[in-house]
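Protein chains in written order, with the working numbering: chain A, 27 to 110; chain B, 27 to 110; chain C, 18 to 174; chain D, 18 to 174. Ideal Cβ positions, reconstructed from N, Cα and C, are used throughout, including at glycine. Only a predicted model underlies this, so the values are computations on that prediction, with no experimental measurement involved.
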Amino acid sequence: MKIKVRFFSILKDVAGRESIELELPEGAKLRDLLEKIYSLYPDLEKISGEEVGVIALLNGSYGKLDNELRDGDEVALIPPASGG
Amino acid sequence: MKIKVRFFSILKDVAGRESIELELPEGAKLRDLLEKIYSLYPDLEKISGEEVGVIALLNGSYGKLDNELRDGDEVALIPPASGG
Amino acid sequence: MADGRIIEKPLDLNELVASIIEDTAEKGAGALVLFVGYVKGRVDDSEVSELDYEAYEPHASRMLKEIAEKYERREGVLNVRIYHRVGNLKPGETTLYVAVSAKSRHQAFQVAKEALEEVKHRVPIFKLEKREDGEYWVIGNGRRIKRRKAPGSPEQS
Amino acid sequence: MADGRIIEKPLDLNELVASIIEDTAEKGAGALVLFVGYVKGRVDDSEVSELDYEAYEPHASRMLKEIAEKYERREGVLNVRIYHRVGNLKPGETTLYVAVSAKSRHQAFQVAKEALEEVKHRVPIFKLEKREDGEYWVIGNGRRIKRRKAPGSPEQS
Numbered sequence: 027m028k029i030k031v032r033f034f035s036i037l038k039d040v041a042g043r044e045s046i047e048l049e050l051p052e053g054a055k056l057r058d059l060l061e062k063i064y065s066l067y068p069d070l071e072k073i074s075g076e077e078v079g080v081i082a083l084l085n086g087s088y089g090k091l092d093n094e095l096r097d098g099d100e101v102a103l104i105p106p107a108s109g110g
Numbered sequence: 027m028k029i030k031v032r033f034f035s036i037l038k039d040v041a042g043r044e045s046i047e048l049e050l051p052e053g054a055k056l057r058d059l060l061e062k063i064y065s066l067y068p069d070l071e072k073i074s075g076e077e078v079g080v081i082a083l084l085n086g087s088y089g090k091l092d093n094e095l096r097d098g099d100e101v102a103l104i105p106p107a108s109g110g
Numbered sequence: 018m019a020d021g022r023i024i025e026k027p028l029d030l031n032e033l034v035a036s037i038i039e040d041t042a043e044k045g046a047g048a049l050v051l052f053v054g055y056v057k058g059r060v061d062d063s064e065v066s067e068l069d070y071e072a073y074e075p076h077a078s079r080m081l082k083e084i085a086e087k088y089e090r091r092e093g094v095l096n097v098r099i100y101h102r103v104g105n106l107k108p109g110e111t112t113l114y115v116a117v118s119a120k121s122r123h124q125a126f127q128v129a130k131e132a133l134e135e136v137k138h139r140v141p142i143f144k145l146e147k148r149e150d151g152e153y154w155v156i157g158n159g160r161r162i163k164r165r166k167a168p169g170s171p172e173q174s
Numbered sequence: 018m019a020d021g022r023i024i025e026k027p028l029d030l031n032e033l034v035a036s037i038i039e040d041t042a043e044k045g046a047g048a049l050v051l052f053v054g055y056v057k058g059r060v061d062d063s064e065v066s067e068l069d070y071e072a073y074e075p076h077a078s079r080m081l082k083e084i085a086e087k088y089e090r091r092e093g094v095l096n097v098r099i100y101h102r103v104g105n106l107k108p109g110e111t112t113l114y115v116a117v118s119a120k121s122r123h124q125a126f127q128v129a130k131e132a133l134e135e136v137k138h139r140v141p142i143f144k145l146e147k148r149e150d151g152e153y154w155v156i157g158n159g160r161r162i163k164r165r166k167a168p169g170s171p172e173q174s
């Protein structure tokens, strides 16, 4: 199945792009997606450990690592929000 | 010396007038003025004991009973303020 | 700069906010809290037709300005403006504006709250609430005393 | 009725307040607290030239509306409106409006404060601060990280 991943704020700089489409096996969870992203963009994993919390929104809602993904889902990786 | 006394809000209804000028001896204090007013308007003393705090402003500032009065002073009798 | 006074007409809020921002953005403020009081259409299940506000002038205006100046000296605060209307105001008409700009939103909220309480409790402004069930003097923070027809009262005889 | 969304232009505050009062005065509200956020001209002793706001739409608008609806259900609250701007905003430009009307001023202040915190911490809105000493990503509640020139980044190559 195809999952669209979008990067926001500083994470866009770190990934070096705004979005990517990934192919994952059926039954993959948000956790699996994050592992795949971190393997593709090790700097993202590094910054998440060091400086900036990396938060995943699944179809626009705060996601949990156990959430199962479905074909066509959109995952947004964001740092803590900074509205105001 | 002459002191002008003004009544506000419900105290104007109780006194039955908006203001009065009183003659007081030199050296009189705010306390003396209040006694004189209460003797002229016993309903004011009654309401102050029963229902409504009566507060004296001396020339527009919150007064103390010991404040000495001077000729031409203005005393305002008000209930607790209700702005807003 | 701190400002405060009794006013008769409603304020233009776009002008008020633009003027405060102009005074403060360059100094590092980014938060403005504005309290607007307005006449309630219903109180105690009774319909309100009008609130008559009276202020003891010029002292009420002086105190509003002093309160604005006092709170503008608070840590992190850059501007305080306080305006209170008088006259016969109908439900939905604005009665009071307290605006505070500060470096942080927490300071702006805190100081606006405190300044508002001081305005309500200290400044000699009084209201008479005209309702379908009679006229009520409002005393202090919301206590209501039904108006009696006092013989000899100039407005009531 | 509760409303919230991402906007691009500044709001007319006279219209906003008049509309809230019209919705609420007849229901017994008399207190309106309005928070206005605006771009600071100085941060950390450095001059700010611009804040670039980006929102993850349509989810940011949906969350703003949900937050407005949630706080409008609070005791004594009659109306909540939340609007957040996006785009390149200069010092002094307004960025965020949170308006709460309630039966009592205490409720209005409390709910405006809480709704504002939720907007700031939950809604996917991000800012890049452009200052005389460089560009900073603002992360969460005020933490700033200097922007590095990441090779391959589409905006920076």
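Can you tell me whether residue i is buried or exposed, with buried defined as 16 or more other CB within 10 angstroms of its CB?
i, result
"residue 66 of chain B", "exposed"
"residue 80 of chain C", "buried"
"residue 70 of chain C", "buried"
"residue 137 of chain D", "buried"
"residue 148 of chain C", "buried"
"residue 172 of chain D", "Because the pLDDT at residue 172 of chain D is just 47, under 50, the model does not fix this residue reliably, and the value given afterwards should be weighed accordingly. Burial call: exposed."
"residue 108 of chain A", "buried"
"residue 88 of chain B", "exposed"
"residue 106 of chain B", "buried"
"residue 159 of chain D", "exposed"
"residue 146 of chain C", "buried"
What first and last residue would you give for the beta strand (DSSP E) that runs through residue i?
i, result
"residue 140 of chain D", "Segment: none, residue 140 of chain D is in no beta strand (DSSP E) and carries neither H nor E."
"residue 68 of chain C", "63-72"
"residue 49 of chain B", "45-49"
"residue 115 of chain C", "111-119"
"residue 89 of chain D", "That residue, residue 89 of chain D, is in no beta strand (DSSP E); its alpha helix (DSSP H) goes 76-89."
"residue 21 of chain D", "20-24"
"residue 93 of chain C", "Careful: residue 93 of chain C lies outside any beta strand (DSSP E) and carries neither H nor E."
"residue 31 of chain B", "28-33"
"residue 105 of chain D", "104-106"
"residue 164 of chain D", "Neither: residue 164 of chain D is in no beta strand (DSSP E) and is coded neither H nor E."
How many Å lie between residue i and residue j at the Cα?
i, j, result
"residue 31 of chain B", "residue 61 of chain D", "55 Å"
"residue 43 of chain B", "residue 110 of chain D", "52 Å"
"residue 170 of chain D", "residue 38 of chain A", "In this prediction, residue 170 of chain D has a pLDDT of 47, which is less than 50 and means its spatial position is unreliable; what the coordinates show is noted afterwards. Near 8 Å, if we compare the C-alpha coordinates of residue 38 of chain A and residue 170 of chain D."
"residue 117 of chain D", "residue 65 of chain C", "22 Å"
"residue 150 of chain C", "residue 107 of chain C", "16 Å"
"residue 84 of chain D", "residue 141 of chain C", "39 Å"
"residue 24 of chain D", "residue 52 of chain D", "16 Å"
"residue 37 of chain C", "residue 27 of chain C", "17 Å"
"residue 32 of chain D", "residue 60 of chain A", "46 Å"
"residue 164 of chain D", "residue 43 of chain D", "51 Å"
"residue 47 of chain B", "residue 53 of chain B", "17 Å"
"residue 18 of chain D", "residue 82 of chain D", "11 Å"
"residue 174 of chain C", "residue 48 of chain D", "The predicted position of residue 174 of chain C is uncertain, since its pLDDT is 36 and thus under 50; a value taken from the coordinates is nonetheless stated next. Near 36 Å, if we compare the C-alpha coordinates of residue 48 of chain D and residue 174 of chain C."
"residue 5 of chain D", "residue 152 of chain D", "The requested residue 5 of chain D does not occur in the structure, where chain D is confined to residues 18 to 174."
"residue 46 of chain C", "residue 30 of chain D", "19 Å"
"residue 104 of chain C", "residue 36 of chain B", "17 Å"
"residue 126 of chain D", "residue 55 of chain C", "15 Å"
"residue 35 of chain C", "residue 86 of chain D", "29 Å"
"residue 130 of chain C", "residue 79 of chain A", "34 Å"
"residue 91 of chain D", "residue 135 of chain D", "15 Å"
"residue 110 of chain A", "residue 144 of chain D", "9 Å"
Kindly list the residues whose CB is nearer than 6 Å to the CB of residue i, restricted to its own chain and excluding five residues on each side of it in sequence; keep chain order.
i, result
"residue 91 of chain A", "56, 57"
"residue 100 of chain B", "30, 85"
"residue 88 of chain D", "97, 128, 132"
"residue 78 of chain C", "22, 23"
"residue 104 of chain A", "34, 81"
"residue 41 of chain D", "95, 96, 118"
"residue 73 of chain D", "141"
So, for residue i: in the same chain, excluding its five sequence neighbours on each side, which residues have a beta-carbon less than 7 Å away from its beta-carbon?
i, result
"residue 156 of chain C", "162"
"residue 69 of chain B", "40"
"residue 133 of chain C", "52, 115"
"residue 97 of chain A", "27, 28"
"residue 139 of chain C", "80"
"residue 57 of chain C", "65, 108"
Check for me: the alpha helix (DSSP H) holding residue i runs from which residue to which?
i, result
"residue 64 of chain B", "56-66"
"residue 37 of chain B", "36-41"
"residue 97 of chain B", "First-last for residue 97 of chain B: undefined, no H or E at that position."
"residue 50 of chain D", "No alpha helix (DSSP H) contains residue 50 of chain D, which is instead part of the beta strand (DSSP E) from 48-55."
"residue 34 of chain D", "30-41"
Under 8 Å Cβ to Cβ from residue i, same chain only, skipping five residues before and after it: list those, please.
i, result
"residue 93 of chain C", "119, 120, 121, 124"
"residue 102 of chain C", "23, 24, 25, 26, 27, 70, 110, 111, 112, 113"
"residue 125 of chain A", "Outside the shown range of chain A (27 to 110) lies residue 125 of chain A, about which nothing can therefore be said."
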